[in-house]
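Heads up, the thing below is written out as structure tokens.
Chains as they are written, first to last, in my numbering: chain L, 434 to 548; chain U, 4 to 118.
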């Protein structure tokens, strides 16, 4: 069984640029969540995708956007990068199952540095 | 909104000893899920243990066990027979039972296991 994968592992951008991060969900998982983890902090929820639709969003501005594809892989796009966007971006996949909430399994993350 | 508090930023334990990591949370929900995740220096977030709020029995996974006190909104993690590989950041996380299954994390605690 393949786990959650993310690409790229590291990325350096300059302020004002745009970036796209990618995530492949674990086999059998159709829900993908994205988190931002600043250095020394806990992850913060950005948004979640389920069956190609956004299914909840955290307190992040509209320049953070996403997509989910029919194979359940996902992209996180960030426009007009700011210095504070420098962080580890984590993707997690899970299977929704009725009323029960499935565990989220995380990828290794993408480290973004904005200069 | 839910909050998760981990008030101890760092802890240290001797190899083979037992250590307890504390976590408190605040929620108005009656049904929810609690997790402990481990993030080693290599940064991949790994699930340690999961607890469903409706279950009175504390979850255990080999050397890891929790003390779940629902009335006190407390969820501590006990690591028995600590090993060098347990050195990592540990995050306590909350998930509600609503349609949007996002995780709310605490700030984490850095655990160092001394040889």
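Heads up, the beta-carbon is just placed ideally off N, CA and C, and yes, glycines get one too.
As the structure is a computational prediction, the values presented were derived from the model and not from experiment.
Best match in the options for proximity to residue i [C-alpha to C-alpha]
i                     : options                    : result
residue 503 (chain L) : L:458, L:517, L:513        : L:458
residue 36 (chain U)  : U:19, U:101, U:15          : U:101
residue 508 (chain L) : L:449, L:480, L:476        : L:480
residue 491 (chain L) : L:498, L:482, L:478        : L:478
residue 10 (chain U)  : U:50, U:87, U:112, U:45    : U:112
residue 80 (chain U)  : U:88, U:52, U:115, U:86    : U:52
residue 448 (chain L) : L:544, L:436, L:472, L:515 : L:515
residue 495 (chain L) : L:484, L:464, L:511, L:506 : L:511
residue 12 (chain U)  : U:33, U:47, U:92           : U:92
residue 38 (chain U)  : U:21, U:62, U:22           : U:62
residue 33 (chain U)  : U:73, U:64, U:47           : U:73
residue 43 (chain U)  : U:118, U:88, U:20          : U:88
residue 463 (chain L) : L:542, L:471, L:485, L:519 : L:485
Exposed unless 16 or more other CB atoms sit within 10 angstroms - verdict on residue i
i                     : result
residue 105 (chain U) : buried
residue 546 (chain L) : exposed
residue 41 (chain U)  : buried
residue 513 (chain L) : exposed
residue 454 (chain L) : buried
residue 445 (chain L) : exposed
residue 54 (chain U)  : buried
residue 475 (chain L) : buried
residue 466 (chain L) : buried
residue 86 (chain U)  : exposed
residue 49 (chain U)  : exposed
residue 488 (chain L) : buried
residue 517 (chain L) : exposed
residue 526 (chain L) : buried
residue 17 (chain U)  : exposed
residue 520 (chain L) : buried
8 Å Cβ cutoff met for residue i and residue j
i                     : j                     : result
residue 8 (chain U)   : residue 109 (chain U) : yes
residue 469 (chain L) : residue 538 (chain L) : no
residue 28 (chain U)  : residue 76 (chain U)  : yes
residue 60 (chain U)  : residue 30 (chain U)  : no
residue 482 (chain L) : residue 499 (chain L) : yes
residue 66 (chain U)  : residue 45 (chain U)  : no
residue 15 (chain U)  : residue 115 (chain U) : yes
residue 107 (chain U) : residue 97 (chain U)  : yes
residue 544 (chain L) : residue 435 (chain L) : no
Run of the beta strand (DSSP E) containing residue i, from where it starts to where it stops
i                     : result
residue 62 (chain U)  : Counting along the chain, residue 62 (chain U) falls outside any beta strand (DSSP E), and DSSP gives it neither H nor E.
residue 51 (chain U)  : 49 to 55
residue 522 (chain L) : 520 to 527
residue 546 (chain L) : 543 to 547
residue 42 (chain U)  : 35 to 42
residue 483 (chain L) : 477 to 483
residue 499 (chain L) : 497 to 501
residue 489 (chain L) : 486 to 490
residue 95 (chain U)  : 91 to 99
residue 105 (chain U) : Here residue 105 (chain U) belongs to no beta strand (DSSP E), and DSSP marks it neither H nor E.
Supposed close pair residue i, residue j - CB separation, criterion 8 Å
i                     : j                     : result
residue 451 (chain L) : residue 524 (chain L) : Not a contact, Cβ separation roughly 18 Å.
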